[in-house]
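One structure is given below, encoded as structure tokens.
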Amino acid sequence: MSDFFKLLPNRLDVLSLETADLASILLEYLHSIKDFDQRREVMKTRFIAGQDMVPEGDRRHDVSRAVIEAWSWLIREGLLVPYPLAGQGDSFDFSRLGLQLKNRQQLAEYQRRLRCPRELLHKMLIEKAWPIFLRGEYDTAVFQAFKEVEVSVRGAGGYTVADYGKDLMRKAFRPTNENPAGPLSDSSEPLEEQKSLQEFFAGAYGRVRNPTAHRHGVLTDPVETFEMLIVATHLLRIIDRRKPADP
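Just remember that the numbering used here sits 961 ahead of the position in the sequence shown, which is counted from 1.
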């Protein structure tokens, strides 16, 4: 376990770190142990209980408590689980999620994803795009979200699969002073607002969806990606209000 403290400039730095930050360093340390038996030994309950975990030195009790808190955080967050073959909870191992998150940067990004409030999304995106977003597949999540927008516009407007993309958006929301008017346009709105909504749908599809369909690695930031899912959510809710009521 002494190797763990080599990741810190000073052993007492653990006392100034937030528990989650210390836990991320501990997770990185555990992944650095490539030998399975050695890692099993380190991850036994006695370390979590504080025995033989921290070398002698100043404020050993305080340092031990901080590291124990970090262990507990990893378990609570589902990154460490009881080793299935150990029996009686004698040892811990990585969970499936813990195996995916190998360093501080990956864990920090995952936490940022979790802080995005899922309940703000349209129910269709919670089902179809949110799981992809949580896996960190940002381009695919946005692409899937705007696929749902396209399918919803097509269904609400009575179009076929031959209608798609920005052209579909422009037809569906064509202002009521044009012939034919779009089935999702609203004659009670001023014409300028109708035109703006038409441009909004076509522009969002072209600017947000299209780059993720044609290039890899367009999105790398979870918060920016979530903002795009919110845009798709707004579009879907407009469609919900505009589509004809079921007979």
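Where is the CB? At the ideal position from N, CA and C, for every residue including glycine. Remember, it's a predicted structure, so these values are computed and weren't measured experimentally.
Residue span of the beta strand (DSSP E) that contains P1043, given as start and end = The sequence position of residue 1043 within the sequence shown is 82, counting from 1. Here the beta strand (DSSP E) through P1043 covers L1041 to P1043.
Since I believe R1135 is in contact with G1126 (beta carbons under 8 Å), could you give me their beta-carbon distance rounded to a whole number of angstroms?
-> What you label residue 1126 is simply residue 165 of the sequence shown in a count that begins at 1. What you label residue 1135 is simply residue 174 of the sequence shown in a count that begins at 1. About 15 Å separates the two Cβ atoms, so there is no contact after all.
Helix, strand or coil at D1054 [DSSP, three-state] | Taking the first residue of the sequence shown as position 1, residue 1054 is located at position 93. If DSSP states are grouped into helix, strand and coil, D1054 belongs with the strands.
For A1210, I'd like the list of residues in its chain whose CB is within less than 6 Å of its CB, leaving aside the five on either flank, ordered along the chain.
-> Only positions 962 to 1208 of the chain appear in this structure, which leaves residue 1210 out of reach.
Outcome for F997 when other beta-carbon atoms lying within 10 angstroms are tallied against a minimum of 16 | Taking the sequence shown and counting its residues from 1, one reaches residue 997 at position 36. Per the 10 Å Cβ criterion, exposed.
What residue from A1163, F1162, T1137 and E1160 has the CA that sits closest to P1151's CA?
-> As a working note, residue 1151 is residue 190 in the sequence shown. Out of A1163, F1162, T1137 and E1160, T1137 has the C-alpha closest to the C-alpha of P1151.
Distance between R1026 and G1011 (C-alpha atoms, nearest Å) = One-based indexing of the sequence shown puts residue 1011 at position 50. One-based indexing of the sequence shown puts residue 1026 at position 65. Residue confidence is low: G1011 scores 49 on pLDDT, short of 50, so the model does not pin down where it sits. Its coordinate-derived value is still stated next. Answer to the nearest angstrom: the Cα atoms are 8 Å apart.
Among L968, T1181 and M1130, which has the Cα closest to the Cα of I1199?
-> Position 238 of the sequence shown, counted from the first residue, corresponds to residue 1199. The option with the nearest alpha carbon to I1199 is M1130.
So what does DSSP say about L1197, is it helix, strand or coil?
-> Residue mapping note: residue 1197 aligns to position 236 of the sequence shown, counting from 1. Three-state DSSP puts L1197 in a helix.
Would you report the Cα separation of G1164 and G1116, rounded to the nearest angstrom?
-> Within the sequence shown, numbered from 1, the residue matching residue 1164 stands at position 203. Within the sequence shown, numbered from 1, the residue matching residue 1116 stands at position 155. Cα to Cα, the separation comes out at about 20 Å.
Should E1111 go down as buried or exposed, given a rule of 16 or more other Cβ atoms within 10 Å for buried?
-> By 1-based counting over the sequence shown, the position of residue 1111 is 150. Classification for E1111: buried.
Find the nearest neighbour of V1024 within the set E1002, Y1166, N971 and G1167, judged by alpha-carbon distance.
-> Within the sequence shown, residue 1024 is the residue found at index 63, counting from 1. When only C-alpha atoms are compared, the closest one is N971.
Hey, L968 and W1032 are a contact pair by Cβ (cut 8 Å); roughly how many whole angstroms apart?
-> The residue given as residue 968 occupies position 7 in the sequence shown. The residue given as residue 1032 occupies position 71 in the sequence shown. About 15 Å separates the two Cβ atoms, so there is no contact after all.
Going by beta carbon distance, what residues of the same chain come within less than 8 Å of Y1120, once the five residues before and after it are set aside?
-> Working through the sequence shown from its first residue, we reach residue 1120 at position 159. Answer for Y1120: V1114, L1129, K1132 and A1133, listed in chain order.
Measure the CB-CB distance between H1083 and L1197 and report whether it falls below 7 Å.
-> The count along the sequence shown starts at 1 and reaches residue 1083 at position 122. The count along the sequence shown starts at 1 and reaches residue 1197 at position 236. Yes; because the gap between Cβ atoms is below 7 Å, this pair is in contact.
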